[in-house]
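**Q** Under my numbering, the sequence shown has 919 at position 120, and the numbering climbs by one with no breaks. The structure under discussion is supplied below as C-alpha cells; questions concerning it will follow.
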Amino acid sequence: MNLKKAAAYFIAGLMSVCLIACSGPQVSRVDSNEEIDLSGYWNDTDSRQVAEDMIADSFANQWITNYTKSNGRKPRVIVGLVLNKTEEHISTETFVKDLARSYINSGKVTFVASKDQRAEIRAERSDQAGNSKTDSAKSHGFETAADFMLKGQINSIVDANKKAQLKYYQVELELMNLETNETVWIGQKKIKKVISRKSYKA
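What follows is the structure, encoded as C-alpha cells:
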C-alpha cells in the first residue's frame, strides 16, 4: 500500500469517527419552569397553567365563601378522576398532581389524600398497630373526610392541512358536594395551538 492510499484510508477513518460522534444526541439543561413546546402536544406547561387557572377560577365562585360562613372552617377537597378523552397519551396523574398543588398552595382549602394514598396510609397504621409502641402508633378512625370532590376530563380536536395543524384542547372540571351530590362549580379551559409545517409544499 502506497503512502497516498494509506493517507486516504486514515482520513476516511477519521471522518467516520467524526460522523458517529457528531450524530449523538445534543443535550442541554433548561429551567424547569421555562415554556417549551416542541410538538404541539399537551405538555407540562399546559398541565401547570390549566391547573392554576382553573383552581383560581373555582375560588372566584361563591361556593367557598358560602361554605366557610355556614361551617366556620375551610372546605375539605379531594381530586378524583380526570379522564383523558383525547387521541394522544396524556399523563392525567401529572395533571391531577398540578391540581392538588394549586389547591394546597392556595391555602383556601384543606386537601384530603387520594383513594390510593389513603389505602397506603391505612396499611401503615395497621402495621404500626402490631409493631409500634402504643404511645406512638397512630389509630384508625380519625381520618378527615372530604366535603367536595373535583372530577373532570380532557378533550381535543385536531384539524390539519398540508401546511399546518391546529390542536384544540378543552378541559372541563366539576366540583361536587359529596354529601348532597350538588355541583357547586363547573370550569372550562380552552387551549389552541397552531403547528406550522414549513417543510410541506403547497
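Even glycine gets a Cβ: it sits at the ideal position worked out from N, Cα and C. Owing to the predicted nature of the structure, the values given are computational and were not obtained by experimental measurement.
(1) May I have the straight-line CA-CA distance separating S846 from T933, to the nearest angstrom?
(2) Between which two residues does the alpha helix (DSSP H) harbouring R875 extend?
(3) Grab me the residues of A928's own chain with a C-beta within less than 7 Å of its C-beta, minus the 5 sequence neighbours each way, in chain order.
(4) Can you tell me whether L977 is helix, strand or coil according to DSSP?
(5) Between the alpha carbons of T891 and N883, how many angstroms are there, rounded?
(6) Would L972 pass as a contact of D946 if the rule is Cβ separation under 8 Å?
(7) Kindly provide the ranges of any alpha helix (DSSP H) runs that are 4 or more residues long and lie completely inside the stretch 879-921, ordered along the chain.
(8) Short check: CB of F858 to CB of S905, under 8 Å?
(9) Check each candidate in F894, R917, S901, D852 and name the one with the smallest Cα separation from V881.
(10) How many angstroms separate the CA atom of K961 from the CA atom of K991?
(11) Give me, in chain order, the residues of the same chain whose beta-carbon lies closer than 8 Å to that of R875; leave out the 5 immediate sequence neighbours on both sides.
(12) So who's on the other strand from Y968, going by DSSP bridges?
(13) Compare the C-alpha of A850 against each of G839, N980, K950, T867 and name the closest.
**A** Straight from the coordinates:
(1) Translated into positions along the sequence shown, residue 846 becomes position 47. Translated into positions along the sequence shown, residue 933 becomes position 134. When the Cα atoms are used, S846 and T933 turn out to be separated by approximately 44 Å.
(2) In the sequence shown, the residue the question calls residue 875 occupies position 76. Annotation: R875 is outside any alpha helix (DSSP H); the continuous beta strand (DSSP E) that includes it extends over 875-883.
(3) Translated into the one-based positions of the sequence shown, residue 928 becomes position 129. Excluding residues within five positions, the ones whose Cβ falls inside 7 Å are A936.
(4) On the sequence shown, position 178 is the one that residue 977 refers to. Coil at L977, not helix or strand.
(5) Within the sequence shown, residue 891 is the residue found at index 92, counting from 1. Within the sequence shown, residue 883 is the residue found at index 84, counting from 1. Between T891 and N883, the C-alpha separation is close to 7 Å.
(6) Locating residue 972 in the sequence shown gives position 173, where the first residue counts as 1. Locating residue 946 in the sequence shown gives position 147, where the first residue counts as 1. No, the Cβ-Cβ distance between L972 and D946 is not below 8 Å.
(7) Runs of the alpha helix (DSSP H) inside the stretch 879-921: 891-905.
(8) On the sequence shown, position 59 is the one that residue 858 refers to. On the sequence shown, position 106 is the one that residue 905 refers to. Yes, the pair counts as a contact, with Cβ atoms nearer than the cut-off.
(9) Stepping through the sequence shown from its first residue, residue 881 is reached at position 82. Closest by alpha carbon: F894.
(10) Counting from 1 along the sequence shown, the entry for residue 961 is found at position 162. Counting from 1 along the sequence shown, the entry for residue 991 is found at position 192. When rounded, the distance between both Cα atoms is 18 Å.
(11) Here residue 875 refers to the residue found at position 76 when the sequence shown is read from its first residue. V908, T909, F910, V911, T943, A944, A945, D946, F947.
(12) Taking the sequence shown and counting its residues from 1, one reaches residue 968 at position 169. In the DSSP output, where bridge partners are listed per residue, Y968 has S955, I990.
(13) For this step, residue 850 is matched to residue 51 along the sequence shown. Nearest to A850 by C-alpha distance, out of G839, N980, K950, T867, is K950.
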